[in-house]
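Worksheet for the structure shown next.
Protein chains: 2
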Amino acid sequence: MNGAESLIRTLTGAGVEVCFANPGTSEMHFVAALDRVGGVRCVLGLFEGVVTGAADGYARMADKPASTLLHLGPGLANGLANLHNARRANIPMVNIVGDHATYHKRYDAPLTSDVEGVARPFSDWVLTSANSRSVARDGAAAIAAAMTPPGRIATLILPADTSWKEGDGPAPLPSVEKRAAVSPDKVAEAARLLRSGEPTVLFLSGPALREPGLTLAGRIAASTGARLLAQTHNSRVERGAGRVAVEFLPYPVDEALSALADARHLLLVGSKAPVAFFAYPDKPSELSPPDCAVRTLATPEEDVTQALEALAEELNARGTAVPVQTRETPLATADKVTSGAAAAVVGAQLPENAIVVEEALTAASGFISGTQGAAPHDYLQLTGGAIGIGLPLATGAAIACPDRKVVCLQADGSAMYTVQALWTQAREGLDVTTIILDNRSYAILKGELANVGAGSTGRKADDMMELDRPALDWVFIARGMGVEAGRAETMEEFNRLLATGLSSQGPYLIDLLL
Amino acid sequence: MNGAESLIRTLTGAGVEVCFANPGTSEMHFVAALDRVGGVRCVLGLFEGVVTGAADGYARMADKPASTLLHLGPGLANGLANLHNARRANIPMVNIVGDHATYHKRYDAPLTSDVEGVARPFSDWVLTSANSRSVARDGAAAIAAAMTPPGRIATLILPADTSWKEGDGPAPLPSVEKRAAVSPDKVAEAARLLRSGEPTVLFLSGPALREPGLTLAGRIAASTGARLLAQTHNSRVERGAGRVAVEFLPYPVDEALSALADARHLLLVGSKAPVAFFAYPDKPSELSPPDCAVRTLATPEEDVTQALEALAEELNARGTAVPVQTRETPLATADKVTSGAAAAVVGAQLPENAIVVEEALTAASGFISGTQGAAPHDYLQLTGGAIGIGLPLATGAAIACPDRKVVCLQADGSAMYTVQALWTQAREGLDVTTIILDNRSYAILKGELANVGAGSTGRKADDMMELDRPALDWVFIARGMGVEAGRAETMEEFNRLLATGLSSQGPYLIDLLL
């Protein structure tokens, strides 16, 4: 058994079932071993940003560690932006990155680079395997590192000869760190604060936005008068009709400041203290008011659900009745195509138990409200701000949940970064309906230009934000990659095409002209 | 004048005329200043790998420093693979990378990352501007660093507030290091070696492959019996009818070993000692035979052309008659579509003074021979092995040379990595004819799988190398990005479509089904 085989057996032994891949020469022994070993489904992406983004989407929905296979420093580099997003989503991910054979590196062949250096800025754990005997053990350590709460990015670099030389057989998974329980003192302090009667916000993220956590948070809020608020961007929110409703902190700084203006206490529950996404001249970086005390019930690393259970217990709120979201089917009143009207249509048509992937940027808040009373669904967001995640994320989510419909709400500019994901959706026959929110511009930048006070612009600056010369034809682009597609220029067309997409098996793309 | 303006004025003062860009919020003051300042043409790419690859192509053809504008760590990360290639091509390039405002970084907002850490593996020079007063001086230092021989990658990180606060006005370019002259001793030693009569190879790259260098090398070879050989991959080769012909060292290890088997001396002229691209079990990493002495006439950093002049002088070869390549129009004999037949057609139709960008991978050697006797042209190759450079490189070359036809010989799998470049070609109306060598597979990996001895494969491994399920439709993809296109399934069709592409103004794409 060579090193590559011993590594694959180690991965499957630890529960890794899918590997998202874009391999090259140095990974050929790993690739060849896939058929001999079995147990790993290998999903090809035609660009590495697709690979890492899909791995992220898979892990979010499968609640299992994701794995990727990438080729040398440049291949890893191509996947870094979505690794950044995955890291901000606290995803457990193991990246296997091939490198030149150990003895070949000193010749500085053209594809040589400092692979560890490339990995480090977006990895929590980096190791280069020394030889084929250590590869399995290193792989097991990588998985354990990835599974360390709250979920981490582990990058294992595999010189080619560590794959092709004789290995030592699979290695067992070392003991994996568990989420630490929150101390009774912290719970008691949070309870005191909630009993004070002063305006308090439970600021939620991570497991606090999954159904059990959210229900507990809802009971606590109902029994104390506290307000629930989700982080602006979250890995996964279980929401919709029948679930505890939660608003999201808005992205624009002024709106975020307003949303928090009345709070005197902010209790962090699996979240981080709210800060502005960017700095703007004369606006604060911290979003909570100066006279608001920020305290932590549970860090992202801690056992967030246990902390909420203990807090509900302390407050005698475990049996408190909690109001849930009612099913609301917004009426599509407008004929005019807007993202708001589109959000209403999506909210109305969204099937039970769908997965909504949202990289809608300027249209995001409209879709968040438009789907609030939709059938129960999971809502996955862009966690790290590196655009180009939507199509890959939807791809990975569909791999994880083949029986659920995935709806991808996708800004046009961002879609271009990892457009190759459409091909993987076609190849794997994934049940993804993509809605391109086609405003033919980097609309968010127009707002940001004003927000940062950069002054008036001329033709050159405008050209950096307008994508209409020429307009992208998303129907052609989708068909070029094997995905059926249609264009909607009216709300009636959008209604009809969305029904087509949602009722078809396999990928479908709607180019919604805004 | 704010920091951004002072920086742009510094860039234009130092001769920077084009900036390839994909900006975001942190770069909005830079973008807004473009219209106020003037003098910089700003070219938008819809993905950062397009931006860095186009900057590379521009610098290769303009012989001027290239500049890019990128957004934070993830934006830079997206551009790294083509920065790797540019670095291996010894390109002078200044990357301006926006970052969060200095005071905002400590809040660890979602898009925060270690931008210097991201830059370092593929940059020769990295600096974060401390404040708006130092930005212009830092920019001047970045240009000087980029122009240091043989051409370097300089990355200047610009926290947002260093752009928007008051600057100190433009800074002058500090003195730029020149290529060092090669010592008379080294020239004399090379002359002795060439006079020995033992089989000697002049191994050429960099300026030795531009017309003046190549002519001198040809005279030296003609007067001493030495053989000329170019590196396998080069930034730019001036070749074709009327110029000194030079073969390229083959990529496959066995062919490379054969090509060098008889050499007893290898004289490096702007090149590096030849090594295998990858390691293969039981094959050597060094490609020159054990009994061949490798000596250096001029390193890539030194004045390669001056060294060749001095050597020709020393050998009394400055007036030696040098045979040049005759115009050869290969006959397209085959009806069957092959890359070899396509190469003959390209060789026959290539217009005078064209720029050929080649990322043909498995078809590369066929195109090198097929165009050897074509009309004189420049030939630009993939220097660093990070695939996905062809379309961007062609884009940048066309920006640099608006009066010349660019022909891009592009493997299909590689084309997908930076396919967004087609949109920039359409927007800028660039005169690029792209030929997609559409074999619907990562053909090179099939060969590599055998070369590394990875054994037999099954369905899973094969799926990592086959792109035919579904087949990409390149005509749709091109039209989706605003580029006119046609499909060739016979040599007759290819002949006709190539004539159409070459005679049209603006971009055109041919999907050549192999």
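Protein chains in written order, with our numbering: chain A, 7 to 520; chain S, 7 to 520. By construction, the Cβ of each residue, glycine as well, lies at the ideal position given by its N, Cα and C atoms. If you're wondering where the values come from, they're calculated on a predicted model, not measured in any experiment.
query                                                                                                                                                                            : result
List, in chain order, every chain A residue whose beta-carbon is nearer than 7 Å to that of residue 426 (chain S).                                                               : 422
Going by CA-CA distance only, name the one from S:360, S:401, S:369 and S:389 that's closest to residue 381 (chain S).                                                           : S:360
Under 9 Å between the Cβ atoms of residue 294 (chain S) and residue 272 (chain S)?                                                                                               : yes
Over the uninterrupted alpha helix (DSSP H) stretch that includes residue 64 (chain A), give me the two end residues.                                                            : 54 to 68
Give a yes or no on whether the C-beta atoms belonging to residue 330 (chain S) and residue 224 (chain S) are separated by under 9 Å.                                            : yes
Quick check on this structure: which residue in A:35, A:98 and A:32 has the alpha carbon closest to the alpha carbon of residue 154 (chain A)?                                   : A:98
Quick one: which chain S residues come within Cβ less than 9 Å of residue 478 (chain A)?                                                                                         : 52, 429, 486, 487 and 488
Cβ of residue 245 (chain S) within 9 Å of Cβ of residue 383 (chain S)?                                                                                                           : yes
So which residues of chain S does residue 131 (chain A) contact, with C-beta pairs closer than 9 Å?                                                                              : Residues of chain S passing the Cβ test: none, with the nearest at roughly 15 Å.
Any C-beta of chain A sitting closer than 9 Å to the C-beta of residue 450 (chain S)?                                                                                            : yes
Just how far apart, CA to CA, sit residue 556 (chain S) and residue 247 (chain S)?                                                                                               : The shown model of chain S, from 7 to 520, leaves out residue 556 (chain S), and the question about it has no answer.
What do you get for residue 322 (chain A), buried or exposed, if any count of 16 or more other CB atoms within 10 angstroms of its CB means buried?                              : exposed
I want to verify the contact list: residues of chain A whose CB lies under 8 Å from the CB of residue 522 (chain S), in sequence order.                                          : There is simply no residue 522 (chain S) to check, as chain S begins at 7 and stops at 520 in what is shown.
Count the other CB atoms, across all protein chains shown, that sit within 10 Å of the CB of residue 187 (chain S); report buried if there are 16 or more and exposed otherwise. : exposed
Does the beta-carbon of residue 496 (chain A) have 16 or more other beta-carbons within 10 angstroms, so that it is buried, or is it exposed?                                    : exposed
Rounded to the nearest angstrom, what separates residue 195 (chain S) and residue 407 (chain S) at their Cα positions?                                                           : 40 Å
Three or more C-beta pairs closer than 8 Å, one from the stretch 389 to 409 of chain A and one from the stretch 57 to 73 of chain A: is that the case here?                      : yes
Pairing CB atoms from the stretch 276 to 283 of chain A with CB atoms from the stretch 174 to 182 of chain A, are three or more of them under 8 Å?                               : no
Within 10 angstroms of its Cβ, does residue 269 (chain S) collect 16 or more other Cβ (buried), or is it exposed?                                                                : buried
Grab me the residues of residue 285 (chain A)'s own chain with a C-beta within less than 8 Å of its C-beta, minus the 5 sequence neighbours each way, in chain order.            : 291
Which same chain residues, not among the five before or five after residue 390 (chain S), have their C-beta less than 6 Å away from its C-beta?                                  : 90, 91 and 94
Tell me whether residue 534 (chain S) is buried or exposed, calling it buried when 16 or more other Cβ atoms sit within 10 Å of its Cβ.                                          : Nothing can be reported for residue 534 (chain S): it is not among the residues displayed for chain S, which extend from 7 to 520.
Quick one: which residues of the stretch 386 to 410 of chain A get their C-beta closer than 7 Å to a C-beta of chain S? List them in chain order.                                : 389, 390, 391 and 392
Classify residue 511 (chain S) as buried or exposed, calling it buried when 16 or more other Cβ atoms lie within 10 Å of its own Cβ.                                             : exposed
How many Å lie between residue 151 (chain S) and residue 101 (chain S) at the Cα?                                                                                                : 11 Å
Residue 170 (chain A) and residue 459 (chain S): beta carbons closer than 9 Å?                                                                                                   : yes
Starting from residue 40 (chain A), find everything on chain S with Cβ-Cβ shorter than 7 Å and list it in chain order.                                                           : 466 and 467
Are the C-beta of residue 271 (chain A) and some C-beta of chain S separated by less than 9 Å?                                                                                   : no
Under 7 Å Cβ-Cβ, which residues of chain S neighbour residue 463 (chain A)?                                                                                                      : 38 and 41
Under a three-way DSSP split, which group does residue 416 (chain A) fall into?                                                                                                  : strand
Tell me the rounded alpha-carbon separation between residue 107 (chain S) and residue 159 (chain A).                                                                             : 27 Å
Please classify residue 118 (chain A) as buried or exposed, where buried requires at least 16 other C-beta atoms within 10 Å of its C-beta.                                      : buried
Taking residue 304 (chain S) as the reference, give the member of S:316, S:474 and S:428 with the closest Cα.                                                                    : S:316
Check whether chain A comes within 9 Å of residue 214 (chain S), counting only Cβ atoms and requiring the distance to be less than that.                                         : no
Against residue 120 (chain A), what residues of chain S qualify as contacts under a CB-to-CB distance less than 7 Å, listed in chain order?                                      : 127
Using the three-state DSSP reduction, which class does residue 297 (chain A) fall into: helix, strand or coil?                                                                   : coil
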